[in-house]
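Student: After the structure tokens below, expect a handful of questions from me.
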Amino acid sequence: MNRLLRIRALAPAAAWVWVVAQASAADLQVAANSPSSLSRLSIEELADIEVSSVSRRPERLADAAAAIYVITRGDIRRAGVTSLPEALRLAPNLQVARTNASTYAISARGFNIGSSNKLLVMIDGRSVYNHLNSGVFWEAQDVLLEDIDRIEVVSGPGGTLWGSNAVNGVINIITSSARDTQGTLVSLDAGDREHGAAVRYGTRLGEDASLRLYAKGFQRDDTQTAGGASAADSWRGRQAGFRADWGPVQNSFTLQGDIYDRTFDLPANPENKTRSGANLLGRWDHALAGGASVQVQAYYDRVLQTVPGFFGFSEANDTFDIQAQHRFVAGARHEIVWGGGLRSWRNVVTPGAVIAFVPPRFDLKLADIFAQDTIALGEHLKLTLGAKVEHNNYSGTEFQPNARVAWKPNGHSLLWSAISRAVRTPSRVDRDFYVFNFPALPLQGGPNFRSEELTAYEIGWRAQPSAAFSYSVAAFHNVYDELRSVEPAPGGTLVFDNKIKGHTDGIELSGSYQVNERWRLSAGYNALRERLQFKADSAQQITVLGDASTQSGNDPSHQFSLRSSMTLPHGVEFDFQLRRVGALPSPAVPAYSALDARLGWQVSPSVELSIAGFNLLDSRHAEFGAATPSRSELARSVMLKLLWKL
Numbered sequence: 002m003n004r005l006l007r008i009r010a011l012a013p014a015a016a017w018v019w020v021v022a023q024a025s026a027a028d029l030q031v032a033a034n035s036p037s038s039l040s041r042l043s044i045e046e047l048a049d050i051e052v053s054s055v056s057r058r059p060e061r062l063a064d065a066a067a068a069i070y071v072i073t074r075g076d077i078r079r080a081g082v083t084s085l086p087e088a089l090r091l092a093p094n095l096q097v098a099r100t101n102a103s104t105y106a107i108s109a110r111g112f113n114i115g116s117s118n119k120l121l122v123m124i125d126g127r128s129v130y131n132h133l134n135s136g137v138f139w140e141a142q143d144v145l146l147e148d149i150d151r152i153e154v155v156s157g158p159g160g161t162l163w164g165s166n167a168v169n170g171v172i173n174i175i176t177s178s179a180r181d182t183q184g185t186l187v188s189l190d191a192g193d194r195e196h197g198a199a200v201r202y203g204t205r206l207g208e209d210a211s212l213r214l215y216a217k218g219f220q221r222d223d224t225q226t227a228g229g230a231s232a233a234d235s236w237r238g239r240q241a242g243f244r245a246d247w248g249p250v251q252n253s254f255t256l257q258g259d260i261y262d263r264t265f266d267l268p269a270n271p272e273n274k275t276r277s278g279a280n281l282l283g284r285w286d287h288a289l290a291g292g293a294s295v296q297v298q299a300y301y302d303r304v305l306q307t308v309p310g311f312f313g314f315s316e317a318n319d320t321f322d323i324q325a326q327h328r329f330v331a332g333a334r335h336e337i338v339w340g341g342g343l344r345s346w347r348n349v350v351t352p353g354a355v356i357a358f359v360p361p362r363f364d365l366k367l368a369d370i371f372a373q374d375t376i377a378l379g380e381h382l383k384l385t386l387g388a389k390v391e392h393n394n395y396s397g398t399e400f401q402p403n404a405r406v407a408w409k410p411n412g413h414s415l416l417w418s419a420i421s422r423a424v425r426t427p428s429r430v431d432r433d434f435y436v437f438n439f440p441a442l443p444l445q446g447g448p449n450f451r452s453e454e455l456t457a458y459e460i461g462w463r464a465q466p467s468a469a470f471s472y473s474v475a476a477f478h479n480v481y482d483e484l485r486s487v488e489p490a491p492g493g494t495l496v497f498d499n500k501i502k503g504h505t506d507g508i509e510l511s512g513s514y515q516v517n518e519r520w521r522l523s524a525g526y527n528a529l530r531e532r533l534q535f536k537a538d539s540a541q542q543i544t545v546l547g548d549a550s551t552q553s554g555n556d557p558s559h560q561f562s563l564r565s566s567m568t569l570p571h572g573v574e575f576d577f578q579l580r581r582v583g584a585l586p587s588p589a590v591p592a593y594s595a596l597d598a599r600l601g602w603q604v605s606p607s608v609e610l611s612i613a614g615f616n617l618l619d620s621r622h623a624e625f626g627a628a629t630p631s632r633s634e635l636a637r638s639v640m641l642k643l644l645w646k647l
């Protein structure tokens with residue numbers, strides 16, 4: 002009944018929008034017939050998008066020598082999604098699995114676990130990678146989706162430029178400048194599984210200064226178990242923030258920040274899990290003569306978490322980070338980017354009845370310096386050489402080199418290849434974690450745990466043979482060593498060690514075809530083969546946590562996606578995405594197919610209505626986790642949304 006009331010609550014607004022639509026019918030017809038009304042970029046325009054995640058400098062997507070996929074603002078809007086993890090399903094080079102109402106397992110090129118530890122994620126240059134467990138708490142990461150300019154998803158190592166833990170990929174979420182988000186925006190959504198509201202206000206503060214403010218809130222309901230019972234895992238959150246941009250392009254400043262809190266229901270527990278935080282980021286971009294530039298960025302991030310119950314604990318994280326980089330051209334052949342950074346991370350954990358970190362307080366210092374030179378070897382051939390030297394408290398000094406070659410035989414195709422080394426440095430879980438008063442699993446961190454290592458070999462081809470068709474192919478062979486394992490120790494305990502090695506092979510395909518001005522098809526396919534094994538000096542006796550592959554992740558051998566976007570007459574949009582995800586081996590999760598669809602109506606230039614359905618092919622299905630009676634399954638759902646711009 003409550004869910005029906007949420008949908009009905011939006012009915013008066015929908016009726017009001019209908020009246021507005023009739024009053025502006027003439028304007029609507031003009032807008033609907035204009036090619037500029039199409040929110041999606043053409044194939045050629047998409048190739049010209051500037052990306053920065055591959056070489057830490059602006060370059061055309063068509064010239065980026067890496068496996069990179071860009072999710073645009075229009076893609077997100079037309080998908081009808083309400084969260085960052087759901088938006089990331091649009092990237093065919095990612096594996097995205099929802100584990101319950103609030104948490105996700107997201108990875109690139111394998112090693113997907115509940116807290117994937119080989120993927121670096123940034124929001125406007127601020128790393129949200131957590132040194133506590135070498136992962137990303139996706140339930141804490143949020144932005145106003147309408148403010149996103151693009152999401153750059155790089156599959157493959159990025160340690161040379163972005164540092165340790167950018168092992169299998171980098172996700173760079175980039176929001177729009179305050180200059181581009183003027184006026185008032187109101188977003189309301191209501192459905193049978195969730196509802197939320199957001200408001201944004203943007204204004205100019207003079208000739209060269211702009212400001213935007215936003216606030217949002219949401220409620221997401223319980224998922225269900227295989228038996229149809231409630232999983233009792235609903236959650237809700239609030240968030241507010243600002244961004245200010247001022248100065249000319251040649252000498253610009255950005256200051257932005259967010260504050261948020263989340264509350265999570267827990268099964269059979271009267272207390273709620275909570276997570277809250279705040280961040281503040283400042284950035285200065287200065288253009289120099291001859292195309293050179295300097296960028297300096299600093300941010301502070303504060304996170305608090307309380308987990309009640311039997312395995313409960315609480316923690317506080319404080320991060321201060323400062324980075325600087327300089328880009329310049331040397332002679333006629335060299336384009337150089339170099340820089341460095343310093344990060345201070347303080348973690349304080351108050352132990353619970355079962356879980357503790359010893360010592361309870363830890364201060365991590367992370368310092369790095371990097372340099373990369375892109376060398377023009379001819380009109381069509383470029384060689385990129387780079388390396389990063391990084392020092393941390395746990396594993397000392399790490400060296401992460403990269404060599405990349407790109408051959409562009411003509412203006413619409415690119416052949417590239419790369420050899421890279423990347424590492425995942427130890428986290429507090431690896432070194433300082435203790436489980437006590439729980440004889441079934443006497444687990445603790447390994448005092449000698451070392452960095453996990455990757456040597457990656459990649460080759461790719463990107464082409465646009467016509468104005469209507471583009472595609473990308475990337476293949477990789479990844480060699481891993483020193484992967485985390487669980488080994489027996491004296492006294493009957495289990496400790497984390499580095500006793501797994503192996504390799505993975507895979508291929509990533511994606512392409513887009515513009516059927517006509519109003520219809521585009523996009524598709525992606527990934528295949529992955531993992532061959533991991535215990536080293537000869539491993540005890541190889543730990544069956545409670547599975548074999549080598551099980552301890553390292555749980556990944557499908559293949560996945561496929563097909564997306565269609567149509568702009569129909571009279572401002573109507575119809576989009577759908579079909580996904581096929583292969584079975585997960587251990588814990589076993591059956592293969593599944595999912596269909597998401599959205600029908601939108603651009604009522605006027607300032608008002609948009611849409612209805613979206615998710616997981617339409619079955620009543621519910623699991624995406625991750627062991628097949629226990631309490632495993633969450635995702636049910637079919639519907640969402641009605643109103644977007645109003647003033």
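Numbering of the sequence shown is given in my numbering, commencing with residue 2 and proceeding in unit increments.
Every residue gets a Cβ at the ideal spot worked out from N, C-alpha and C, and that includes glycine.
Return the chain-ordered list of same chain residues with a C-beta closer than 6 angstroms to the C-beta of Trp139, the five sequence neighbours on each side being excluded.
Tutor: In the sequence shown, residue 139 corresponds to position 138, counting from 1. Result list for Trp139: Pro86 and Tyr105, in chain order.
Student: Please classify Leu62: does DSSP put it in a helix, a strand, or coil?
Tutor: Along the sequence shown, one-based indexing puts residue 62 at 61. If DSSP states are grouped into helix, strand and coil, Leu62 belongs with the helices.
Student: Give every residue of the same chain whose Cβ lies closer than 6 angstroms to the Cβ of Ser473, excluding the five residues on either side of it in the sequence, and list them in chain order.
Tutor: What you label residue 473 is simply residue 472 of the sequence shown in a count that begins at 1. The residues are Arg463 and Ser511.
Student: Is the stretch 403-422 touching the stretch 378-395 in the sense that three or more CB pairs, one from each, lie closer than 8 angstroms?
Tutor: Per the Cβ contact rule, the stretch 378-395 is in contact with the stretch 403-422 (3 or more Cβ pairs under 8 angstroms).
Student: List the endpoints of the continuous alpha helix (DSSP H) containing Asp431.
Tutor: The residue given as residue 431 occupies position 430 in the sequence shown. From DSSP, the alpha helix (DSSP H) with Asp431 extends over Arg429 to Asp433.
Student: Using only CA atoms, which one of Phe477, Arg530, Leu495 and Ile260 lies nearest to Arg485?
Tutor: For the purposes of this step, residue 485 is taken as residue 484 along the sequence shown, with counting starting at 1. Looking at the Cα atoms, Leu495 is the closest of the given residues.
Student: What separation, rounded to the nearest whole angstrom, lies between the Cα atoms of Asn499 and Pro427?
Tutor: Position 498 of the sequence shown, counted from the first residue, corresponds to residue 499. Position 426 of the sequence shown, counted from the first residue, corresponds to residue 427. About 11 angstroms.
Student: Determine the direct distance from the alpha carbon of Tyr261 to that of Leu641, and round the result to whole angstroms.
Tutor: If you number the sequence shown from 1, residue 641 lands on position 640. If you number the sequence shown from 1, residue 261 lands on position 260. Roughly 25 angstroms separates the two Cα atoms.
Student: Just reading off the beta strand (DSSP E) that Arg79 is part of, what are its end residues?
Tutor: In the sequence shown, counting from the first residue as 1, residue 79 sits at position 78. Per DSSP, Arg79 belongs to no beta strand (DSSP E); it is in the alpha helix (DSSP H), Arg74 to Ala80.
Student: For Ile370, does the count of other Cβ atoms within 10 angstroms reach 16, so buried, or fall short, so exposed?
Tutor: Against the sequence shown, residue 370 aligns to sequence position 369. Flag for Ile370 reads exposed.
Student: What does the alpha-carbon distance come out to for the pair Arg110 and Ser558?
Tutor: Here residue 110 corresponds to residue number 109 of the sequence shown, with the count starting at 1. Here residue 558 corresponds to residue number 557 of the sequence shown, with the count starting at 1. Approximately 10 angstroms, taken between the alpha carbons.
Student: Below 6 angstroms CB to CB, which residues in the same chain sit around Gly283 once its five sequence neighbours on both sides are set aside?
Tutor: Taking the first residue of the sequence shown as 1, we reach residue 283 at position 282. Correct list, in chain order: Leu256 and Ala299.
Student: Taking three-plus beta-carbon pairs below 8 angstroms as touching, is the stretch 410-427 in contact with the stretch 158-177?
Tutor: yes
Student: Taking buried to mean at least 16 other C-beta atoms within 10 Å of its own C-beta, is Thr351 buried or exposed?
Tutor: Here residue 351 refers to the residue found at position 350 of the sequence shown. So Thr351 counts as exposed.
Student: In the stretch 97-135, which residue ranges form an unbroken beta strand (DSSP E) of at least 3 residues, counting only runs that do not cross its ends?
Tutor: 105-108 and 120-124
Student: For Pro249, count neighbouring Cβ atoms within 10 angstroms of its own Cβ and tell me buried if that reaches 16, exposed if not.
Tutor: Mapped onto the sequence shown, residue 249 falls at position 248. So Pro249 ends up on the exposed side.
Student: How is Glu147 classed by DSSP in three states: helix, strand or coil?
Tutor: Residue mapping note: residue 147 aligns to position 146 of the sequence shown, counting from 1. Residue state, collapsed to three classes: helix.
Student: I'd like the span of the alpha helix (DSSP H) that includes Leu42, first residue to last.
Tutor: Residue mapping note: residue 42 aligns to position 41 of the sequence shown, counting from 1. That residue, Leu42, is in no alpha helix (DSSP H); it is neither H nor E in DSSP.
Student: Per the contact definition of three or more C-beta pairs closer than 8 angstroms, is the stretch 590-603 in contact with the stretch 568-582?
Tutor: yes
Student: Just grab the DSSP bridge partners of Phe470 for me.
Tutor: What you label residue 470 is simply residue 469 of the sequence shown in a count that begins at 1. Note: Phe470 sits in a beta bridge opposite Ser467 and Tyr514.
Student: Using the Cα positions of Val516 and Thr568, report the straight-line distance between them to the nearest angstrom.
Tutor: Counting from 1 along the sequence shown, the entry for residue 516 is found at position 515. Counting from 1 along the sequence shown, the entry for residue 568 is found at position 567. For Val516 and Thr568, the distance between alpha carbons rounds to 12 angstroms.
Student: Within 10 Å of its beta-carbon, does Lys366 have 16 or more other beta-carbons around it, so buried, or fewer, so exposed?
Tutor: Position 365 of the sequence shown holds residue 366. Burial call: exposed.
Student: Tell me, please, whether the stretch 617-625 touches the stretch 207-222 by the rule of three or more beta-carbon pairs shorter than 8 angstroms.
Tutor: no
Student: With a threshold of 7 angstroms on Cβ separation, who are the neighbours of Ala592 within its own chain once the five nearest residues in sequence on each side are excluded?
Tutor: For this step, residue 592 is matched to residue 591 along the sequence shown. The residues are Val582, Gly583 and Ala584.
Student: Within a Cβ cutoff of 6 angstroms, which residues of the same chain sit near Gly626, ignoring the five residues on either side of it in sequence?
Tutor: What you label residue 626 is simply residue 625 of the sequence shown in a count that begins at 1. The beta carbon of Gly626 sits closer than 6 angstroms to the beta carbons of Thr100 and Arg632 from its chain, once the five residues preceding and following it are set aside; these are given in chain order.
Student: What residue range does the alpha helix (DSSP H) around Thr83 cover?
Tutor: Along the sequence shown, read from residue 1 onward, the residue named residue 83 stands at position 82. If you look at Thr83, you'll find it isn't in any alpha helix (DSSP H); DSSP assigns it neither H nor E.
Student: Verify whether the separation of the beta carbon atoms of Ala457 and Glu509 is less than 8 angstroms.
Tutor: Translated into the one-based positions of the sequence shown, residue 457 becomes position 456. Translated into the one-based positions of the sequence shown, residue 509 becomes position 508. It is not a contact, given that the beta carbons lie outside the stated cut-off.
Student: Does the beta-carbon of Phe450 have 16 or more other beta-carbons within 10 angstroms, so that it is buried, or is it exposed?
Tutor: Looking up residue 450 in the sequence shown gives position 449. By the neighbour-count rule (16 or more Cβ atoms within 10 Å), Phe450 is buried.
Student: Along the alpha helix (DSSP H) that carries Gly160, what are the first and last residues, could you check?
Tutor: Your numbering for residue 160 matches position 159 in the sequence shown. Looking at the DSSP string, the run of the alpha helix (DSSP H) that includes Gly160 is Gly160 to Trp163.
Student: Taking the CB atoms as reference points, tell me whether Arg57 and Gln326 lie closer together than 8 angstroms.
Tutor: Along the sequence shown, read from residue 1 onward, the residue named residue 57 stands at position 56. Along the sequence shown, read from residue 1 onward, the residue named residue 326 stands at position 325. Between Arg57 and Gln326, the CB-CB gap stays under 8 angstroms.
Student: Just to confirm, is the Cβ distance from Asp223 to Asp234 under 8 angstroms?
Tutor: Taking the sequence shown and counting its residues from 1, the one referred to as residue 223 is at position 222. Taking the sequence shown and counting its residues from 1, the one referred to as residue 234 is at position 233. The answer is yes: Cβ separation under 8 angstroms.
Student: Taking only three categories from DSSP, how would you classify Ser631?
Tutor: For the purposes of this step, residue 631 is taken as the residue at position 630 of the sequence shown. In this structure, Ser631 counts as coil in the three-state DSSP scheme.
Student: With which residues is Ser565 paired in a DSSP beta bridge?
Tutor: By one-based count along the sequence shown, residue 565 stands at place 564. DSSP lists Leu522 and Phe577 as partners of Ser565.
Student: I'd like the list of long-range same chain contacts for His1, defined as Cβ closer than 6 angstroms, with 5 residues on each side in sequence excluded.
Tutor: Past the boundaries of the shown model lies residue 1; the chain is included only from 2 to 647, so the question cannot be answered.
Student: In three-state DSSP terms, what is Glu140?
Tutor: As a first step, residue 140 is located in the sequence shown; it is residue number 139 there, counting from the start. Three-state result, Glu140: helix.
Student: If you compare alpha carbons, which of Asp538, Leu644, Gln465 and Phe615 is closest to Asp49?
Tutor: Here residue 49 refers to the residue found at position 48 when the sequence shown is read from its first residue. Nearest C-alpha to Asp49: Gln465.
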